[in-house]
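Colleague:
Number of protein chains: 2
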Amino acid sequence: MKIAIITIGSELLNGSRLDTNSKWIAQNVLPYNGEIVSKISIPDTDQDIINTLNYYISQSLDMIICTGGLGPTHDDITAKTLYDYFKDAPIFDDDYWYILKGEFKKRGYDISNLNKSQAYRPSIGKIIPNTIGTARGLHYKKKNTDVIVLPGVPAEMKLMMKTTVLPMIGDLSKTSTSFKMYRTTGIPESHLYEKLLPLINKYPELDVAFLPSFLGVDIRISSKINKDFDKINNQLFSIIEDYYYADNEIELEEVV
Amino acid sequence: MKIAIITIGSELLNGSRLDTNSKWIAQNVLPYNGEIVSKISIPDTDQDIINTLNYYISQSLDMIICTGGLGPTHDDITAKTLYDYFKDAPIFDDDYWYILKGEFKKRGYDISNLNKSQAYRPSIGKIIPNTIGTARGLHYKKKNTDVIVLPGVPAEMKLMMKTTVLPMIGDLSKTSTSFKMYRTTGIPESHLYEKLLPLINKYPELDVAFLPSFLGVDIRISSKINKDFDKINNQLFSIIEDYYYADNEIELEEVV
Chain X
4 MKIAIITIGS
14 ELLNGSRLDT
24 NSKWIAQNVL
34 PYNGEIVSKI
44 SIPDTDQDII
54 NTLNYYISQS
64 LDMIICTGGL
74 GPTHDDITAK
84 TLYDYFKDAP
94 IFDDDYWYIL
104 KGEFKKRGYD
114 ISNLNKSQAY
124 RPSIGKIIPN
134 TIGTARGLHY
144 KKKNTDVIVL
154 PGVPAEMKLM
164 MKTTVLPMIG
174 DLSKTSTSFK
184 MYRTTGIPES
194 HLYEKLLPLI
204 NKYPELDVAF
214 LPSFLGVDIR
224 ISSKINKDFD
234 KINNQLFSII
244 EDYYYADNEI
254 ELEEVV
Chain S
4 MKIAIITIGS
14 ELLNGSRLDT
24 NSKWIAQNVL
34 PYNGEIVSKI
44 SIPDTDQDII
54 NTLNYYISQS
64 LDMIICTGGL
74 GPTHDDITAK
84 TLYDYFKDAP
94 IFDDDYWYIL
104 KGEFKKRGYD
114 ISNLNKSQAY
124 RPSIGKIIPN
134 TIGTARGLHY
144 KKKNTDVIVL
154 PGVPAEMKLM
164 MKTTVLPMIG
174 DLSKTSTSFK
184 MYRTTGIPES
194 HLYEKLLPLI
204 NKYPELDVAF
214 LPSFLGVDIR
224 ISSKINKDFD
234 KINNQLFSII
244 EDYYYADNEI
254 ELEEVV
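Taken in order, these protein sequences are the chains called X and S.
Read in order, the letters of the first sequence correspond to residues 4 to 259 in our numbering.
Read in order, the letters of the second sequence correspond to residues 4 to 259 in our numbering.
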C-alpha cells in the first residue's frame with residue numbers, strides 16, 4: 004500500500020534536527036507491505052499542513068502518516084489544524100486529564116494548564132494511545148486515505164507505530180515485498196550496471212537501485228513477486244562476488 | 004531568501020538511506036541568509052520530478068535545490084527530466100568526455116559508454132562544476148526561481164554547495180538571521196514555555212521553538228533583527244540557567 008510521510012516542525016527545516024523518524028518508518032512499514040512513495044517536511048503553520056494534506060489526498064494514497072506538533076506550546080498546532088481540517092469538534096477528556104495530572108505528580112511537577120490542550124479527544128476521528136508520553140495520536144479517514152497523526156519524539160512515535168499503526172498497515176495491505184541490499188567496492192557504478200544488465204532484463208519485476216557512496220556502490224534489489232527471489236539473489240551474488248563486502252544497511256553517516 | 008529542497012531517489016523512501024544532505028544544506032544556507040521552507044523526497048520518476056517542480060515554482064520560492072539522480076545508470080533520470088522540463092537541447096561536451104576518460108584511466112578503469120550521459124551540457128542552463136566526481140550540476144531559472152541540481156553523493160554535493168551555490172545565495176540574499184540553540188533538562192516543556200512567555204511577548208520578532216527529546220527540551224531562538232540578539236540571549240539564559248546543560252547542536256540520534 005502507498006504511504007506518504009508529512010513531518011511537521013520548523014526544527015526539521017532549519018538544520019537543528021535530523022529527520023531519523025522517516026527512515027525508521029520507511030524501514031518498518033516494508034515487512035507489513037507498506038511503501039513510502041513521498042515524504043515532506045513542512046513548518047508548523049496551518050496553511051502548510053492543509054496544502055500538504057490536500058496535495059497528498061488528491062494523489063489517492065492509502066495512508067498519510069504525519070508526525071510532530073502535538074506538544075503543549077504555541078508552535079504545536081497540528082491537532083487543532085487537523086480538527087478544523089476534518090470539521091471535528093474535539094471533546095475535553097476528563098479521564099485523560101486525570102491520568103495526565105497523575106503522571107506529572109509522579110515525576111514531581113505540578114501540571115501546567117497548557118497541557119489541557121493535550122487532553123482533548125476527537126469526536127469524529129479516533130485516538131491512538133501513547134503509553135509513554137502526554138501527546139496522543141489521531142486517526143482520520145478521507146476518501147480512501149487513512150490519515151495518521153503521531154508525536155515527533157522518536158521513542159513515542161516508534162512505540163505507537165509498533166502497537167497501533169504497523170498492525171493496521173498489515174491488515175490493510177494485500178501484497179508483500181522481498182528486498183535485500185549488497186554493498187560493493189572497487190568497481191565504478193557504470194561497470195557494475197553493465198555486469199548486472201542481463202539479470203535486470205531477465206527479471207523485469209525486479210526493482211534494482213544503484214547507490215553510490217564514497218566507499219563504493221550499494222545495490223538494493225526488491226520484488227513484489229517473491230517466488231524467484233532466492234534464485235535471483237544467488238545469481239546476483241555470483242556476478243558481484245569479487246566486489247561484495249557486506250549485505251547489512253549500516254551507514255557510516257549514521258555512526259560518525 | 005526562501006528555498007525548498009527536493010531529494011530525488013527511491014533509496015530515500017525505502018529506508019536504505021538516511022537523508023543527511025537536507026540537514027547539512029539547511030544548516031549551511033543559514034549564515035548566507037537562506038531559509039529552507041520545505042523539503043521533499045521523491046522517487047526517480049519523470050512525473051514525480053515534474054509535479055514537484057511545478058508545485059514549488061507555483062509558490063514563488065527564490066530557489067529550489069534538487070539532489071540525486073545524476074549518475075550513469077537506468078534510475079538516474081534527473082538531468083534528462085530537467086532538460087525536457089526547461090525545453091533545453093543538451094550538447095555533447097567533447098572536452099569534458101576527454102577529462103572523464105582521463106579520470107577513469109587514472110583510477111585504473113576503462114570508461115563505460117554509460118558515462119557518456121554525464122558528458123552532456125545544457126545549452127540554456129548553466130553547468131555547476133564538480134571537481135571530485137563525474138556528475139556535474141545544473142542551474143536553471145524559471146520565473147523568479149533559481150533551480151539548482153546537484154549530485155546526491157554527500158561529499159560532491161557539499162563541495163559544490165561551498166564553491167558555487169552558497170556564494171550565489173549570499174549574493175541573492177538581502178536579510179541576515181541570528182540563531183542559537185539551548186539544551187535544557189529537568190523541566191517539562193509546558194513549564195519552560197510559561198517561564199519564557201514574557202520574553203516571547205516582549206520580542207515579537209523573535210522566533211522561538213521548543214524541541215522536546217528524551218533528554219529534555221531544547222530551545223532554538225532566531226531573529227532577523229540582529230541588534231537586540233545578544234541582550235535577548237542574556238535574558239533568556241538567566242531564565243533557564245537552572246535547567247541549561249549545553250548550547251551545541253549535537254544530537255544523540257546522530258552518534259548511536
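Just so you know, even glycine gets a beta-carbon here, dropped at the ideal spot from N, CA and C.
On the criterion of 16 or more Cβ atoms from any shown chain inside 10 Å, does I172(X) qualify as buried, or is it exposed?
Modeller: buried
Colleague: At a CB-CB cut-off below 7 Å, which residues of chain X make contact with N118(S)?
Modeller: Residues of chain X passing the Cβ test: S193.
Colleague: I'd like to know if M164(X) contacts chain A, where contact means its C-beta is closer than 7 Å to some C-beta of that chain.
Modeller: Given the protein chain composition of this structure (X and S), no chain A is represented.
Colleague: Determine the chain S residues that contact T187(X) at a beta-carbon separation under 9 Å, and present them in chain order.
Modeller: Residues of chain S passing the Cβ test: none, with the nearest at roughly 13 Å.
Colleague: Which chain S residues sit within Cβ distance under 8 Å of S41(X)?
Modeller: L16, I43, S44, I45, P46 and D51
Colleague: Tell me the residue span of the alpha helix (DSSP H) that contains H194(S).
Modeller: E192 to K205
Colleague: Would you kindly work out how many angstroms separate the C-alpha atoms of T81(S) and E159(X), rounded to a whole number?
Modeller: E159(X) has its alpha-carbon roughly 37 Å from the corresponding atom of T81(S).
Colleague: Let me see if you follow: with CB-CB separation under 7 Å, is R124(X) close to chain S or not?
Modeller: Judged by the 7 Å Cβ criterion, R124(X) is not in contact with chain S.
Colleague: Would you identify the three-state DSSP class for T148(S), choosing helix, strand or coil?
Modeller: strand
Colleague: So, at 6 Å on beta carbons, what are the nonlocal neighbours of L153(S) in its own chain, with the 5 sequence-adjacent residues on each side left out?
Modeller: T70, G140, M160 and M163
Colleague: Please state if the CB of D91(X) and the CB of P132(X) are separated by a distance shorter than 7 Å.
Modeller: Cβ distance not < 7 Å, so P132(X) and D91(X) don't count as in contact.
Colleague: Taking 8 Å as the threshold, find out whether the region 219-230 of chain X comes into contact with the region 181-188 of chain X through three or more Cβ pairs.
Modeller: yes
Colleague: Short of 9 Å Cβ to Cβ, which residues in the region 67-96 of chain S face chain X?
Modeller: If you check each beta-carbon in the region 67-96 of chain S against every beta-carbon of chain X, the ones closer than 9 Å belong to G74, P75, T76, H77, D78 and D79.
Colleague: Let me know the secondary structure DSSP gives V211(X) once reduced to three states.
Modeller: strand
Colleague: Can the beta-carbon of G12(X) be found closer than 7 Å to that of D47(X)?
Modeller: yes
Colleague: Is S19(S) close to chain X? Criterion is C-beta to C-beta, closer than 7 Å.
Modeller: It does: the Cβ of S19(S) has a partner Cβ on chain X nearer than 7 Å.
Colleague: Does chain X have any CB closer than 7 Å to the CB of G26(S)?
Modeller: In the sequence on display, residue 26(S) carries Lys and not Gly. Interface residue, yes.
Colleague: In chain S, what lies closer than 9 Å to M184(X) by C-beta?
Modeller: S19
Colleague: When you compare the CB positions of P215(X) and E192(X), do they come within less than 7 Å of one another, or not?
Modeller: yes
Colleague: Please compile the residues from chain S whose C-beta is within a distance smaller than 8 Å of the C-beta of E197(X).
Modeller: Residues of chain S whose Cβ lies closer than 8 Å to the Cβ of E197(X) are, in chain order, S115 and L117.
Colleague: Can you tell me which of V156(S), N236(S), F89(S) and I45(S) puts its alpha carbon nearest to the alpha carbon of I127(S)?
Modeller: F89(S)
Colleague: Going by DSSP in three states, A7(X) sits in which element: helix, strand or coil?
Modeller: Of the three classes helix, strand and coil, the one that applies to A7(X) here is strand, per DSSP.
Colleague: List the whole-angstrom C-beta distance separating L200(X) from F213(X), where the pair is believed to meet the contact cut-off of C-beta under 8 Å.
Modeller: Contact flag wrong, Cβ pair sits at about 12 Å.
Colleague: Take the Cβ of I123(X) as the centre, count every other Cβ of all protein chains shown within 10 Å, and call the residue buried at 16 or more, exposed below.
Modeller: According to the sequence displayed, residue 123(X) carries Tyr and not Ile. By the neighbour-count rule (16 or more Cβ atoms within 10 Å), Y123(X) is buried.
Colleague: Taking just the CA atoms, how far does V156(X) sit from N229(S)?
Modeller: For N229(S) and V156(X), the distance between alpha carbons rounds to 31 Å.
Colleague: L33(X) touches chain S at which residues, Cβ-Cβ below 9 Å?
Modeller: Listed by position along chain S, the residues whose Cβ is nearer than 9 Å to that of L33(X) are N17 and G18.
Colleague: CB V150(X) to CB I67(X), shorter than 7 Å?
Modeller: yes
Colleague: Taking the continuous alpha helix (DSSP H) assigned at F240(X), which residues delimit it?
Modeller: F232 to I243
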